[in-house]
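**Q** Protein sequences appear in the order of chains A and B. Take 1 as the starting number for the first sequence in the numbering used here and just add one per residue. Take 1 as the starting number for the second sequence in the numbering used here and just add one per residue.
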Amino acid sequence: MAIIRLHDLFAAVMLLGIFSLLSAALFTLMDAVDVAFTEAAVGAGISTILLLGTLALTESEEKPEHNRRAPLALLVVLLTGAVLIYGTLDMPHYGDPAAPIHHYLADRFIESSPQELQIPNMVTSVLASYRGYDTWGETTVIFTAAIGVALGLGARRRSRRQLQEEERENKGGRA
Amino acid sequence: MIEPGLYNYWLCVILMMTGLYVVMAKGNLVKKVIGLNLFQVSVIMLYVTMGKVEGGTAPIVVEGAPDTIYSNPLPHVLMLTAIVVGVATTALALSFVVRIHEDYGTIEEGDIAAMEEGR
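1) What are the boundary residues of the alpha helix (DSSP H) that includes Thr-88 (chain A)?
2) Assuming Gly-27 (chain B) is part of the alpha helix (DSSP H), what are its boundary residues?
3) For Val-83 (chain A) versus Leu-20 (chain B), is the C-beta spacing smaller than 7 Å?
4) With 7 Å as the threshold, decide whether the Cβ of Ala-91 (chain B) is near any Cβ in chain A.
5) One question on the structure: do Val-141 (chain A) and Asp-34 (chain A) come within less than 7 Å of each other, judged by their Cβ atoms?
6) Can the beta-carbon of Ala-24 (chain A) be found less than 7 Å from the beta-carbon of Ala-32 (chain A)?
7) Any C-beta of chain A sitting closer than 7 Å to the C-beta of Met-24 (chain B)?
8) Please confirm whether Ile-112 (chain B) has its beta-carbon closer than 7 Å to some beta-carbon of chain A.
9) Where do the N-terminal and C-terminal ends of the alpha helix (DSSP H) with Asp-31 (chain A) fall, by residue?
10) Where does Glu-39 (chain A) fall in DSSP's three states?
11) From which residue to which residue does the alpha helix (DSSP H) around Thr-81 (chain B) run?
12) So, does the CB of Val-83 (chain A) fall closer than 7 Å to a CB anywhere in chain B?
13) Whose CA, out of B:Val-23, B:Met-45, B:Ile-14, B:Val-33, lies closest to the CA of Leu-29 (chain A)?
14) Determine the chain B residues that contact Leu-50 (chain A) at a beta-carbon separation under 8 Å, and present them in chain order.
15) Within the 7 Å Cβ cut-off, does Leu-20 (chain B) reach chain A?
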């Protein structure tokens with residue numbers, strides 16, 4: 001909540017990092033150790049570094065502005081939240097072993113993946129083998145994002161260099 | 001009406017709405033990216049809480065204990081993918097923010113709109 005009020009973006013980024021780390025601890029409590037260490041490394045680590053890098057390249061103070069959209073946004077958020085909470089009322093309870101999510105595929109993965117693949121960690125075997133295409137698609141997404149970043153930031157640098165070279169040529173011509 | 005087993009969903013809803021509010025109401029572009037991150041973590045948390053089984057342990061085989069209860073590994077796998085994809089999109093969004101700052105000299109949405117109108 002403090003993240004909303006803070007105008008110092010640096011502090012907001014730090015709070016987001018702490019939030020990420022806390023949620024990683026929460027994931028460990030809920031038996032999701034793989035998700036927890038990915039969140040700690042990627043969410044708390046790399047995201048924070050990326051955000052700090054952006055702040056270094058731009059500016060680290062948010063302008064205090066009175067926002068005309070804020071009441072409307074608050075209304076939309078409260079309405080959506082109320083609808084979502086209404087929707088959870090008939091969801092299966094926390095930790096309920098009879099919930100539909102724990103049957104069908106999950107049973108099969110838990111029972112047969114250790115025999116089929118000889119990997120004790122079921123998350124690894126599902127990630128790399130049963131849902132291998134998913135992971136392959138994920139690497140494609142990362143590659144595409146990397147191309148996007150390179151194009152967005154790299155094109156500018158190149159055009160600036162070309163401008164400088166042209167100026168130099170013009171000066172050379174005059175002399 | 002108050003059901004203790006549903007608190008986990010409500011926490012996720014509150015976090016999600018916080019993220020949504022930041023994205024909609026804040027004019028600062030870096031703040032918007034932070035809001036998106038909040039939203040994303042709340043969705044991940046929703047899936048992970050659904051995967052928890054009462055009395056279960058992490059889905060790594062315990063040797064010599066055939067009736068161990070394991071939590072559901074499937075949501076964990078999906079969320080691993082989601083975290084990494086989320087960082088990729090964050091990086092892309094931030095690179096756009098840097099690019100916008102190079103052209104306009106500001107990362108406030110309102111200032112950029114005013115400049116566009118003035119052109």
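For glycine and all other residues, C-beta sits at the position ideal for the given N, C-alpha and C. Predicted, not measured: the structure shown is a model, and the values here were computed from it.
**A** Working from what's here:
1) Its alpha helix (DSSP H) spans residues 70-88.
2) Annotation: Gly-27 (chain B) is outside any alpha helix (DSSP H) and is labelled neither H nor E by DSSP.
3) Not closer than 7 Å, so no.
4) Interface annotation, Ala-91 (chain B): in contact with chain A, CB-CB separation under 7 Å.
5) At least 7 Å separates the beta-carbon of Val-141 (chain A) from that of Asp-34 (chain A).
6) The answer is no: Cβ separation not under 7 Å.
7) True, the Cβ-Cβ gap to chain A drops below 7 Å.
8) When Cβ-Cβ separations below 7 Å define contact, Ile-112 (chain B) makes no contact with chain A.
9) Looking at the DSSP string, Asp-31 (chain A) is not in any alpha helix (DSSP H), and its letter there is neither H nor E.
10) DSSP places Glu-39 (chain A) in helix when its eight states are reduced to three.
11) Taken as a continuous stretch (DSSP letters only), the alpha helix (DSSP H) holding Thr-81 (chain B) covers 73-104.
12) Val-83 (chain A) is outside the set of residues whose beta carbon lies under 7 Å from a beta carbon in chain B.
13) Taking Leu-29 (chain A) as reference, the option from B:Val-23, B:Met-45, B:Ile-14, B:Val-33 with the minimal CA-CA separation is B:Met-45.
14) Here the neighbours are Val-87, Thr-90, Ala-91, Leu-94.
15) Cβ-Cβ to chain A under 7 Å: yes for Leu-20 (chain B).
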